[in-house]
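One structure below.
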Ligand code: SAH
Ligand code: SF4
């Protein structure tokens, strides 16, 4: 097992960048997943290739990695046969380990994943008629302790590396059978029939899984750059949304250096209530946050900022709150849309969800104020995949129980 330092859990902290982009592996090989092309080139050069060779091989490997989803150097058919074992001795192309995969009755899928050093985190895939959205985690746990969020109650926190973040997208494409033809069958042969994609399933990414992405800025930026790279996964920045609870000092850089759509977890319109439910508000208040939104590079009427608002009974759901929300968004002249999220309950949560009538009324008031405010339908509630329910099931289920379930599943499949 690799050795990784865990972040301490200081409550509200300033961004904690993790300098390391490569998690050391016990076998001494280097995992290339999540490294930019230039870094791969440098590693090849350090391992002994001359500059020209290193550059060419890095380009080829990058292509196989992200365009074809290949994890085995032997399958890289345009690389000389003698070169492939040389690569395999020194490098690997990893994926996060899958501890458990769950399928909701509504089609939502959730994966419990594990880092090389044994930390568990989750990702969720939400299929819709016209799109498929992958909800990606940026940290194991979260330091911010929003009172309605299950992730905030996790004890263990560590930033995910770029490889662990990109790895979620890769794993989702593996699971959805989405690599272009040339996916390899068991024999390592190219096989057209192995390609089973029924259209692009994974079309959008939201950084709304576990963790606060702007507290892991460098790694999230580097990972998303790879996801957007035109020679690889090539997902448009317009199809990626990063959600922040309001880490104001990092928002401008997010717009400049990543350039994806922004979602802001606003959830309340008064200082008292937001201080209580989104404690980072004590550090960066509502006015500061909305000003940072107004200044967000790239926001326009065509690319609106999403304001997430979780509906908590008798806490933030009055007519007055709705009117104040409209007033604030207008005051800052924000190209905004509001996403009303029915609170997803979890055991021991200190809040209840607002009634459907209350949510409808709140939504109408915001609509009448000229701002779109759809109510988000909760997805994957039966497998705890809905917003804010993410918390590794490992803490709830024992290893033995999971093994039992896996065995039962295998039997059902065989029967
Ligand atoms: N840390 C980031 C991104 C992850 S949270 C952020 O807070 O924005 C993703 C979204 O789920 C946030 O809007 C969060 O407020 C919301 N959420 C958290 N717990 C929830 C719950 N129990 N019910 C509904 N939404 C929740
Ligand atoms: Fe962290 Fe976001 Fe949950 Fe708050 S809502 S605890 S910032 S994951």
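Numbering (the working numbering), first residue to last: 3 to 417. Glycine is no exception: its CB is placed at the ideal position from the N, C-alpha and C atoms. These figures come from a predicted structure and were not determined experimentally.
Just to check my reading of the structure: residue i and residue j have Cβ atoms closer than 8 Å, yes? What is that Cβ distance to the nearest angstrom?
i, j, result
"residue 313", "residue 347", "Contact doesn't hold; Cβ gap of about 12 Å is too wide."
"residue 248", "residue 299", "Between residue 299 and residue 248 the Cβ distance is about 17 Å, and since that is not below 8 Å, they are no contact."
"residue 60", "residue 86", "Wrong, their Cβ atoms sit about 15 Å apart, outside the cutoff."
"residue 209", "residue 237", "That belief does not hold up - the Cβ atoms of residue 209 and residue 237 are roughly 12 Å apart, past 8 Å."
"residue 336", "residue 292", "7 Å"
"residue 168", "residue 144", "Incorrect: roughly 20 Å between the Cβ atoms, too far for contact."
"residue 203", "residue 271", "In fact, because the Cβ distance is near 37 Å, the residues do not count as touching under 8 Å."
"residue 367", "residue 316", "Not a contact, Cβ separation roughly 17 Å."
"residue 212", "residue 142", "7 Å"
"residue 281", "residue 146", "7 Å"
"residue 179", "residue 35", "Not confirmed; about 19 Å, so no contact."
"residue 382", "residue 139", "No, residue 382 and residue 139 are not in contact; Cβ-Cβ is about 15 Å, not under 8 Å."
"residue 232", "residue 64", "Not really, about 11 Å apart at Cβ, beyond 8 Å."
"residue 250", "residue 290", "5 Å"
"residue 341", "residue 380", "Incorrect: roughly 12 Å between the Cβ atoms, too far for contact."
"residue 127", "residue 111", "5 Å"
"residue 319", "residue 374", "Not quite, the Cβ-Cβ distance comes to about 18 Å (not below 8 Å), so this is no contact."
"residue 276", "residue 288", "6 Å"
"residue 266", "residue 246", "6 Å"
Which of the three DSSP states, helix, strand or coil, is assigned to residue i?
i, result
"residue 295", "helix"
"residue 422", "Here the chain covers residues 3 to 417 and nothing more, so residue 422 does not appear."
"residue 148", "coil"
"residue 261", "coil"
"residue 97", "coil"
"residue 155", "helix"
"residue 83", "coil"
"residue 283", "helix"
"residue 277", "helix"
"residue 289", "helix"
"residue 88", "helix"
"residue 384", "helix"
"residue 77", "helix"
"residue 216", "helix"
"residue 27", "coil"
Would residue i and residue j be called neighbours here (beta carbons separated by less than 9 Å)?
i, j, result
"residue 205", "residue 261", "no"
"residue 117", "residue 67", "no"
"residue 149", "residue 279", "yes"
"residue 129", "residue 115", "no"
"residue 125", "residue 170", "yes"
"residue 38", "residue 240", "no"
"residue 331", "residue 301", "no"
"residue 2", "residue 95", "The first residue shown for the chain is 3 and the last is 417, placing residue 2 beyond what the model contains."
Which stretch, first to last residue, makes up the beta strand (DSSP E) that contains residue i?
i, result
"residue 207", "206-209"
"residue 125", "122-129"
"residue 268", "It is not in any beta strand (DSSP E) - residue 268 carries neither H nor E in the DSSP assignment."
"residue 244", "242-246"
"residue 137", "134-137"
"residue 115", "111-116"
I'd like to know whether the C-beta of residue i is nearer than 9 Å to at least one C-beta of chain D.
i, result
"residue 224", "Among the chains of the structure shown, chain D does not appear; only one protein chain is present."
Where does the unbroken alpha helix (DSSP H) through residue i begin, and where does it stop?
i, result
"residue 165", "164-177"
"residue 42", "39-48"
"residue 67", "53-68"
"residue 227", "219-230"
"residue 255", "250-255"
Kindly provide the ranges of any alpha helix (DSSP H) runs that are 4 or more residues long and lie completely inside the segment 310-381, ordered along the chain.
-> Counting only runs of 4 or more, we get 321-333, 358-370.
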